[in-house]
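Chains A and B, in that order, are what the protein sequence lines are.
Under this note's numbering, residues 1 to 191 are what the first sequence spells out, in order.
Under this note's numbering, residues 1 to 191 are what the second sequence spells out, in order.
Backbone N, C-alpha and C define an ideal beta-carbon position, used for all residues, glycine too.
Source: prediction; values computed, not measured.
Okay, so here's the structure we're looking at.
Number of protein chains: 2
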Amino acid sequence: MKALEDKIRAEGKILPGPVLKVSSFLNHQMDSDFIMELGRALAERFREDGATKILTIESSGIAIAVAAGAALHVPVLFAKKHRTSNVSGMLYQTLVHSYTHGTDYTVVVEREYLKADDRVLIIDDFLANGKAVEGLLDLASQAGAKVVGAGIVIEKGFQEGGEKLRADGLRVESLAIIDSMDENGIVFRES
Amino acid sequence: MKALEDKIRAEGKILPGPVLKVSSFLNHQMDSDFIMELGRALAERFREDGATKILTIESSGIAIAVAAGAALHVPVLFAKKHRTSNVSGMLYQTLVHSYTHGTDYTVVVEREYLKADDRVLIIDDFLANGKAVEGLLDLASQAGAKVVGAGIVIEKGFQEGGEKLRADGLRVESLAIIDSMDENGIVFRES
């Protein structure tokens, strides 16, 4: 998506890691109009897939998921970070590894909002190692729901998550895929 | 807002506390179309106030804030929960008390996104004791920004937050104010 690539080039900052900091418009400060545009673009990719529910993970996936949900007129369910791994039978839970923080954390959704007849579209702001998407796939699987695909705003194509998920048969659509980023700039994958 | 009161009556569950559980449409599962409608309704209340930025707090305020931001065409900044109180000079930080969890937590915003010339509209999903809004007021104050008001989806009018904030001179607009709720049902304040 050209407008997204332009915005990343104009406002993104590359930090050691490498980490792409897009806090000016995507995941701390959020450019509301642009978030809605990104949501519509993701929705367009899955327009024909009959999703009944969007599944995302708190916190930074929420805005983009609601924008996509509004475009598809389907509800959004976000997996909540849970302070303990000791949760009730009312919940589906899974463990997600965070490379950023070097820890595992538990996320949960209430069982009543994720059902076997749901067609789930996973939405998130970033895809890097794929651990968040894997966690969401696990939650959908526990509910017996079908996953129609994953829509991502920015994929770090130089990390293994996208390749692994696609090899496993998941349809992954990313609005921008970064093949490399360093002091010389950002190289986006040709769409 | 009649549609909101109807939705609360239809889907809300009253739990001990009393806690109003609206996880079916507002803060776990989110009814995307309705969230956008709530955002437009909040935006309408502050249409003439020249807000340059919406400030909210993660996680459950994010969706409604982006919906309001899209209606006003202004960016949203969300205060992030921070794992330690030892944060850098790049951040404004404040402590928020959570009655739900019985603890204090630190929230932060990056200084570069909140400036003295900003006119801040605070948006959140719930107002009860007012601690989250007070924290956001403190962040805005540290930046020297002017706060034009607070837009809330559901105010628990039987708790002290709204009254206290209004007594302090803050304009608080709530789409639904609950005066009481118990086994006999929910009584909304007349608007």
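Between A/Lys115 and the set A/Lys146, A/Val172, A/Gly169, the nearest pair of CA atoms involves A/Lys146. Ser23, Ser24, Phe25, His28, Gln29, Met30, Asp31, Ser32, Asp33, Ile35, Met36: these are the residues of the region 18–40 of chain B whose beta carbon lies less than 8 Å from some beta carbon of chain A, given in chain order. Residue-level contact check: B/Ala143 does not touch chain A, since none of the beta carbons of chain A fall below 8 Å from its beta carbon.
Comparing alpha-carbon positions, the option among B/Lys81, B/Val76, B/Phe188, B/Leu55 lying closest to B/Lys156 turns out to be B/Phe188. With respect to the 8 Å criterion, B/Val76 and A/Met30 are classified as neighbours on the basis of their beta carbons. For B/Asp138, the closest of B/Glu160, B/Gln159, B/Leu170 by C-alpha to C-alpha distance is B/Leu170.
In chain A, no part has a C-beta under 8 Å from the C-beta of B/His82; the shortest such distance is about 12 Å.
Residue-level contact by beta carbon fails for B/Glu160 and chain A, as no gap is shorter than 8 Å.
In the three-state reduction of the DSSP assignment, A/Asp49 falls in the coil class. About 14 Å separates the CB atoms of A/Gly151 and B/Ser32; that is not less than 8 Å, and the two are not in contact. Taking 8 Å as the CB threshold, A/Gly151 stays off the interface with chain B.
Against chain B, the CB of A/Ile62 has a partner CB under 8 Å away; the residue lies at that interface. The DSSP-derived three-state label of A/Ser98 is strand.
Every beta strand (DSSP E) of 3 residues or more that sits fully in the region 117–159 of chain B is shown, in chain order, as 119–127, 146–156. At a cut-off of 8 Å between C-beta atoms, A/Phe46 does not count as an interface residue with respect to chain B. Taken atom to atom, the span from the alpha-carbon of A/Arg40 to that of A/Phe34 is near 10 Å. As DSSP reads the structure, B/Lys81 sits in a beta bridge with B/Val107. Chain B has no Cβ within less than 8 Å of the Cβ of A/Tyr105. Around the CB of B/Asp118, 16 or more other CB atoms lie within 10 Å, so the residue is classed as buried. Contact between B/Leu72 and B/Ala43 holds, with the beta-carbon distance rounding to 5 Å and staying under 8 Å. Note on A/Tyr99: under 16 other CB atoms within 10 angstroms of its CB, so exposed under the neighbour-count rule.
Annotated as proximal: B/Phe78 and B/Thr56, with beta-carbon spacing under 8 Å. Using a Cβ-Cβ cut-off of 8 Å, A/Leu139 does not count as an interface residue toward chain B, since no Cβ of chain B sits closer than that to its own. Look at A/His73: its C-beta is under 8 Å from a C-beta on chain B.
Here A/Leu127 is buried. Its C-beta has 16 or more other C-beta atoms within 10 Å.
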